[in-house]
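Residue numbers (my numbering), protein chains in the order written: chain A, 491 to 627; chain B, 491 to 627.
A virtual CB, placed ideally from N, CA and C, is assigned to each residue, including glycine.
There are 2 protein chains.
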Amino acid sequence: MADPAIQIGELSRRTGCNIETIRYYERIGLMPAPPRRGRYRSYGSQDVGRLGFVRRARELGFTLDEVRALLGLAGGGPASCAEVRTLAASHLTDVRARIADLKRMERVLADSVQACDAGEDPGCPLIQSLYADRGPS
Amino acid sequence: MADPAIQIGELSRRTGCNIETIRYYERIGLMPAPPRRGRYRSYGSQDVGRLGFVRRARELGFTLDEVRALLGLAGGGPASCAEVRTLAASHLTDVRARIADLKRMERVLADSVQACDAGEDPGCPLIQSLYADRGPS
DNA sequence: TATGCCATCTGTAGCGGCTACAGACTCAAG
DNA sequence: CTTGAGTCTGTAGCCGCTACAGATGGCATA
Numbered sequence: 491m492a493d494p495a496i497q498i499g500e501l502s503r504r505t506g507c508n509i510e511t512i513r514y515y516e517r518i519g520l521m522p523a524p525p526r527r528g529r530y531r532s533y534g535s536q537d538v539g540r541l542g543f544v545r546r547a548r549e550l551g552f553t554l555d556e557v558r559a560l561l562g563l564a565g566g567g568p569a570s571c572a573e574v575r576t577l578a579a580s581h582l583t584d585v586r587a588r589i590a591d592l593k594r595m596e597r598v599l600a601d602s603v604q605a606c607d608a609g610e611d612p613g614c615p616l617i618q619s620l621y622a623d624r625g626p627s
Numbered sequence: 491m492a493d494p495a496i497q498i499g500e501l502s503r504r505t506g507c508n509i510e511t512i513r514y515y516e517r518i519g520l521m522p523a524p525p526r527r528g529r530y531r532s533y534g535s536q537d538v539g540r541l542g543f544v545r546r547a548r549e550l551g552f553t554l555d556e557v558r559a560l561l562g563l564a565g566g567g568p569a570s571c572a573e574v575r576t577l578a579a580s581h582l583t584d585v586r587a588r589i590a591d592l593k594r595m596e597r598v599l600a601d602s603v604q605a606c607d608a609g610e611d612p613g614c615p616l617i618q619s620l621y622a623d624r625g626p627s
């Protein structure tokens, strides 16, 4: 298979990743510094693959450090697979915790908006509830 | 009622808000600069109330700009209440969108971990799915 | 009075994960 | 030869804190 060299703009188009972000990933060592044609960065299909991987991992909410780890583990046999699983499972726990947090917020907000709609209270129910002292921590 | 002056440490304890954060809120104009006893900031019960308000609004996920707006609307009659409602409703929409995002992540992650457990696949299912090209954007 | 020791002070820099410039250059087409 | 799009480097900004360093303040104890 041919591997035609592409420039950063094309890489950006193919992966949906911002040009500035690509250069940022290079700066922080998440993407390797590609060879240059003249002054311009010259990418190949491997870069498209790797950057796509990064983007998809980011969409799943992995931090850049986690993505780095995943990249290191990619293609490393069954032992690596177990490590990947651990990483994913712990990230999943995170995600679920964040969902739980947001649901708590959602409930309170929805209640407040409702109280507002139903409201014959003297004063705004949401403001009132924000002023209500439930003590520290 | 007396309004005994308290120092920043006590304000922190009463509100559960970090000392550095209190000073930060002052710098950005979210909390007023209090009078000083000597060089030390001297707070009263109003400050405890206001900071508690801020903290609770933050816990509901309002941005600092939104909190600023809410503070401006607090205690402003029924017209303000409508504005507060609008703000809260739009924030609620945000929160719901974030929940939806996270749930999408959760599903994919949970599936991947499961595939990993069930796995007799050649190669790590999660890694594979991250490499799978679903095209740009 | 000297000595700790904690609380507080100011100022600045760092985190993550980008994003947004400014100002220079390269390169192909018209 | 000029124009325009693409790319380059470098730096600074965003949010919402958090974490220092290094100087004071004020109180209790020896």
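Any idea if residue i is buried or exposed, counting beta-carbon neighbours within 10 angstroms, 16 or more meaning buried?
| i | result |
| --- | --- |
| G524 of chain A | Looking at the sequence provided, one finds Pro at residue 524 of chain A rather than Gly. Burial call: buried. |
| E596 of chain B | buried |
| P615 of chain A | buried |
| D496 of chain A | A small fix is needed here, since residue 496 of chain A is Ile in this sequence, not Asp. Result: buried. |
| I518 of chain B | exposed |
| R527 of chain B | exposed |
| A451 of chain A | Because chain A spans 491 through 627 in this model, residue 451 of chain A falls outside it and cannot be assessed. |
| S627 of chain A | Here the model assigns S627 of chain A a pLDDT of 35, short of 50, so the residue's position is not dependable and the matter cannot be decided. |
Starting from the C-beta of residue i, find all residues in its chain whose C-beta is less than 8 angstroms away, skip the five residues before and the five after it, and write them out in chain order.
| i | result |
| --- | --- |
| V544 of chain B | C507, Y515, L520, M521, V557, L561 |
| S602 of chain B | P615, L616, S619 |
| D584 of chain A | G551 |
Just to confirm my understanding: we take residue i, look at its own chain, exclude 5 residues before and 5 after, and list those with CB closer than 7 angstroms. What are they?
| i | result |
| --- | --- |
| I509 of chain B | I498, G499, S502 |
| S535 of chain B | D493 |
| Y530 of chain A | Q497 |
| F552 of chain B | L560, H581 |
Roughly how many whole angstroms lie between the Cα atoms of residue i and residue j?
| i | j | result |
| --- | --- | --- |
| G539 of chain B | R546 of chain A | 44 angstroms |
| T505 of chain B | G542 of chain B | 6 angstroms |
| P612 of chain B | R594 of chain A | 41 angstroms |
| C571 of chain A | A587 of chain A | 24 angstroms |
| C606 of chain A | Y621 of chain A | 15 angstroms |
| L599 of chain B | A569 of chain A | 19 angstroms |
| I617 of chain A | Y533 of chain B | 22 angstroms |
| V574 of chain B | D555 of chain A | 39 angstroms |
| A559 of chain B | L563 of chain A | 47 angstroms |
| L577 of chain A | T511 of chain B | 32 angstroms |
| D537 of chain B | G566 of chain B | 19 angstroms |
| I589 of chain A | L592 of chain B | 6 angstroms |
| R548 of chain B | Q604 of chain B | 36 angstroms |
| R513 of chain A | A579 of chain B | 38 angstroms |
Run the proximity test for residue i: is its beta-carbon closer than 6 angstroms to any non-hydrogen atom belonging to the ligand SAH?
| i | result |
| --- | --- |
| R597 of chain A | What this structure holds is no ligand at all, so the ligand SAH is not there to describe. |
With a CB to CB cut of under 6 angstroms and the five nearest residues on each side skipped, what residues in its chain are close to residue i?
| i | result |
| --- | --- |
| G625 of chain B | In this predicted model, G625 of chain B has a pLDDT of only 44, less than 50, meaning its place in the structure is not dependable; the value taken from the coordinates is given anyway. Excluding sequence neighbours, G625 of chain B sits near nothing in its chain. |
Closer than 7 angstroms, Cβ to Cβ, to anything on chain B: give me those residues from the segment 593-615 of chain A, in chain order. K593, M595, E596, V598, L599, A600, S602, V603, C606, C614
Kindly provide the ranges of any alpha helix (DSSP H) runs that are 4 or more residues long and lie completely inside the segment 582-622 of chain A, ordered along the chain. With a minimum length of 4 residues, the continuous alpha helix (DSSP H) runs that stay inside the segment 582-622 of chain A are 615-621.
Any chance you could list the alpha helix (DSSP H) runs of at least 4 consecutive residues sitting entirely within the segment 546-572 of chain A, in chain order? 554-563
If contact means a Cβ-Cβ distance below 7 angstroms, which residues of the segment 496-527 of chain A contact chain B? Residues of the segment 496-527 of chain A whose Cβ lies closer than 7 angstroms to any Cβ of chain B, in chain order: R503, R504, T505, G506.
Residues within the segment 545-561 of chain A neighbouring chain B, beta-carbon criterion of under 8 angstroms: R546, A547, E549, L550, G551, L560
What residues from the segment 574-594 of chain A come within 9 angstroms of chain B, judged by C-beta to C-beta, listed N to C? V574, R575, L577, A578, A579, H581, L582, V585, R586, R588, I589, D591, L592, K593, R594
Give me the subset of the segment 528-541 of chain A whose CB atoms are less than 7 angstroms from a CB atom of chain B, sorted by chain position. Within the segment 528-541 of chain A, the qualifying residues are G539.
Compile a chain-ordered list of the residues in the segment 561-572 of chain A whose CB is closer than 9 angstroms to at least one CB of chain B. For the segment 561-572 of chain A, the residues whose beta carbon sits under 9 angstroms from a beta carbon of chain B are, in order, L563, A564, G565, G566, G567, P568, S570, C571, A572.
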